[in-house]
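This report concerns only the one structure given below.
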Amino acid sequence: MSRLYLRKANIKDVPSIHYLLIKYSREGLLLPRSYNELYNHLRDFFVLTGHEEQGVVGCSSLTITWENLAEIRSLIVDKCAQRQGWGSRLVETCLSEALTLGVYRVFTLTYQLEFFRKLNFTEVDKDSLPQKVWADCLHCPKYPDLCDEVAMISEL
Ligand SMILES: CC(C)(COP(=O)(O)OP(=O)(O)OC[C@H]1O[C@@H](n2cnc3c(N)ncnc32)[C@H](O)[C@@H]1OP(=O)(O)O)[C@@H](O)C(=O)NCCC(=O)NCCS
Numbered sequence: 164m165s166r167l168y169l170r171k172a173n174i175k176d177v178p179s180i181h182y183l184l185i186k187y188s189r190e191g192l193l194l195p196r197s198y199n200e201l202y203n204h205l206r207d208f209f210v211l212t213g214h215e216e217q218g219v220v221g222c223s224s225l226t227i228t229w230e231n232l233a234e235i236r237s238l239i240v241d242k243c244a245q246r247q248g249w250g251s252r253l254v255e256t257c258l259s260e261a262l263t264l265g266v267y268r269v270f271t272l273t274y275q276l277e278f279f280r281k282l283n284f285t286e287v288d289k290d291s292l293p294q295k296v297w298a299d300c301l302h303c304p305k306y307p308d309l310c311d312e313v314a315m316i317s318e319l
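Numbering (the numbering used here), first residue to last: 164 to 319.
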């Protein structure tokens with residue numbers, strides 16, 4: 164695999180981000196997002212990319228939820244680039260942006276507990292998060308009784 168690098172997403176990345184989200188949502192690991200939502204939230208996104216033909220092989224997004232609270236969503240490193248530290252770098256880039264914005268609590272809803280524990284996230288009761296967090300969950304087929312994602316938070 165050629166050299167990869169992280170950067171802010173641009174408008175041309177949307178189809179690749181959409182494709183990655185569909186691919187990993189089929190494995191039940193995260194929720195897909197519509198083109199409409201991706202265009203609306205494009206400024207939240209970072210991408211991991213190689214040379215032109217290779218395109219986007221990873222992404223993450225940081226969405227501000229409320230005062231002093233933001234969420235890491237849509238975190239993916241495609242299989243070809245996993246276990247090389249890129250997932251950690253994508254999360255750290257989001258955390259760094261949160262700090263720049265003056266937001267000191269960052270949470271995620273995830274099945275990847277070990278991965279996030281290594282990045283100093285700790286498990287919290289989902290009910291301790293503001294109700295606004297559940298706005299997206301309302302569209303999820305697993306909501307509410309089948310939801311088994313774990314809420315994890317990092318206090319910066
Ligand atoms: C989770 C994911 C982003 C991790 O990306 P990655 O680039 O492989 O992660 P890193 O290489 O930065 O790994 C960092 C550490 O976490 C560990 N780790 C990574 N994925 C792990 C997993 N699934 N289970 C346990 N540990 C894991 C690594 O071994 C590494 O440990 P080390 O520092 O002791 O060597 C990636 O596996 C992925 O995209 N999975 C599919 C989509 C998904 O589940 N996204 C998360 C939605 S919240």
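Glycine residues also receive a C-beta, built at the ideal position from the N, C-alpha and C atoms.
Serine 317 lies in the beta strand (DSSP E); which residues open and close that run? Looking up residue 317 in the sequence shown gives position 154. It spans 313-318 - the beta strand (DSSP E) in which serine 317 sits, taken as one unbroken run.
C-beta atoms of isoleucine 316 and phenylalanine 270 nearer than 7 Å: Start at 1 with the first residue of the sequence shown, and residue 316 comes out as number 153. Start at 1 with the first residue of the sequence shown, and residue 270 comes out as number 107. The answer is yes: Cβ separation under 7 Å.
Mind checking who leucine 211 pairs with in its DSSP beta bridge? To locate residue 211, count along the sequence shown from 1; it is residue 48. Partner(s): Leu169, Gly221.
When every heavy atom of ligand 1 is checked, does at least one fall within less than 6 Å of the C-beta of threonine 273? Position 110 of the sequence shown holds residue 273. Because some heavy atom of ligand 1 lies under 6 Å away, the Cβ of threonine 273 counts as near it: yes.
Just to confirm, are valine 240 and leucine 201 a CB contact at a threshold of 7 Å? Looking up residue 240 in the sequence shown gives position 77. Looking up residue 201 in the sequence shown gives position 38. Result no, Cβ atoms of valine 240 and leucine 201 do not sit closer than 7 Å.
Among residues of its own chain, excluding the 5 on either side of proline 293, which ones have a beta-carbon nearer than 8 Å to its beta-carbon? What you label residue 293 is simply residue 130 of the sequence shown in a count that begins at 1. Contacts found: Thr228, Trp229, Leu232.
Pop quiz: serine 165 and glutamine 217 are said to be a contact at Cβ under 8 Å. What is the actual Cβ separation, rounded to whole angstroms? Here residue 165 corresponds to residue number 2 of the sequence shown, with the count starting at 1. Here residue 217 corresponds to residue number 54 of the sequence shown, with the count starting at 1. Confirmed, Cβ separation roughly 7 Å.
Mapping DSSP to helix, strand and coil, what is glutamate 216? As a working mapping, residue 216 is identified with position 53 in the sequence shown. Correct three-state label for glutamate 216: coil.
Does the distance between the C-beta of tyrosine 182 and the nearest non-hydrogen atom of ligand 1 fall short of 6 Å? As a position in the sequence shown, residue 182 is number 19, starting the count at 1. Every heavy atom of ligand 1 is 6 Å or more from the Cβ of tyrosine 182, so no.
Can you list the beta strand (DSSP E) stretches of 3 or more residues lying completely in the region 226-314, in chain order? 232-240, 268-273, 285-287
Of the choices Leu264, Thr285, Pro195, whose alpha-carbon is the least far from that of aspartate 299? Reading the sequence shown from its first residue, position 136 is the one you call residue 299. Of the listed residues, the one whose Cα sits closest to aspartate 299 is Pro195.
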